[in-house]
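Right, one structure below, let's go through it.
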Amino acid sequence: MNSAMIVLGVLNDGDIEWLVANGMRCSFQPGETLIEQGRHSRYMYLVLDGKVGFEREGLGRVGDAHHGELLGEISFLDAGPPTMTVRAEAVTTVLSVPRETMRTRLDSDDGFAARFYRALGLFMAQRLRTTQALVDALRAGRRFDVTQERLDLELIEHGEIAARRFRDILERLP
């Protein structure tokens, strides 16, 4: 389950309305950069449609993401700059929320902050478990299939809520 589905599943409907009201729909053409490695982003993005690629200096392309992925959310956990460049690989539409607007909301609304940081914690825990399963598989000489990785029942419940909220965001944005 990707980051946005966890975040959208943990936030409440009022939080989603706030994100839509304070964000804007933006489009990126193939090759355009959303986030640049080493440079703090001014926005957090929710990919609504399209495809982005992740690039790491010295390694090249290391992955991709599609609709429903949240980008730039980890910067709310630490002060470090992004560790990857994110570029559109196809025409990509995002909900773009200004970082400072998000930071102000997190600092002024304890309930929103608790839900947002809990969601990031759940996502990071899932990522850590998946990474550990990958390492274990590699050590054992087995092939690792992320689709076989066990999902917590709580995450599945959040996923159903998140899917509804994702559709709501698509319908509400101009």
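For the sequence shown, the numbering used here gives the first residue as 36, with consecutive numbering after it.
Glycine included, C-beta positions come from ideal geometry on N, C-alpha and C.
For clarity, every value in this text was computed on a predicted model and none was experimentally measured.
Exercise for the section: Since I believe V42 is in contact with A175 (beta carbons under 8 Å), could you give me their beta-carbon distance rounded to a whole number of angstroms? Expected result: Their Cβ separation, rounded to whole angstroms, is 33 Å, which puts A175 and V42 out of contact at 8 Å.
Exercise for the section: Quick one: residues in its chain with C-beta nearer than 7 Å to the C-beta of P133, no 5 flanking neighbours on either side, listed in chain order? Expected result: Result list for P133: R77, Y78, in chain order.
Handout entry: Three-state class that DSSP yields for L186 in the structure shown
Key = Only weak support is given to the placement of L186: the predicted model assigns it a pLDDT of 49, under 50, and the value that follows is read from those uncertain coordinates. Assignment of L186 by DSSP, reduced to helix, strand and coil, places it in the coil class.
Practice task
Using the Cα positions of E104 and D84, report the straight-line distance between them to the nearest angstrom.
Solution key: In this structure, the alpha-carbon of E104 lies about 10 Å from that of D84.
Exercise for the section: Buried or exposed for V55, please, with buried defined as at least 16 other CB atoms from any protein chain shown within 10 angstroms of its CB. Expected result: The C-beta of V55 has 16 or more other C-beta atoms within 10 Å across all chains shown, which makes the residue buried.
Handout entry: Boundaries (first-last residue) of the alpha helix (DSSP H) holding S38
Key = 38-45 is the span of the alpha helix (DSSP H), which, as asked, contains S38.
Problem - Length of the line joining the Cα atoms of F151 and L94 - result: For F151 and L94, the distance between alpha carbons rounds to 31 Å.
Problem - Candidates E108, A149, L130, of which the one nearest F63 by Cα - result: Comparing Cα-Cα distances from F63 to each of E108, A149, L130, the minimum goes to L130.
Exercise for the section: Any chance you could list the alpha helix (DSSP H) runs of at least 4 consecutive residues sitting entirely within the stretch 70-154, in chain order? Expected result: Whole alpha helix (DSSP H) segments, 4+ residues: 134-143.
Exercise for the section: Out of R91, R96, R164, F147, point me to the one whose CA is closest to N47's CA. Expected result: Closest option to N47, Cα to Cα, is F147.
Problem - Given A149 as reference, the closest of A39, D50, S38 once Cα atoms are compared - result: The shortest C-alpha separation from A149 is found at D50.
Practice task
For T68, write down the residues that DSSP places opposite it in a beta bridge.
Solution key: In DSSP, T68 forms a bridge with R122.
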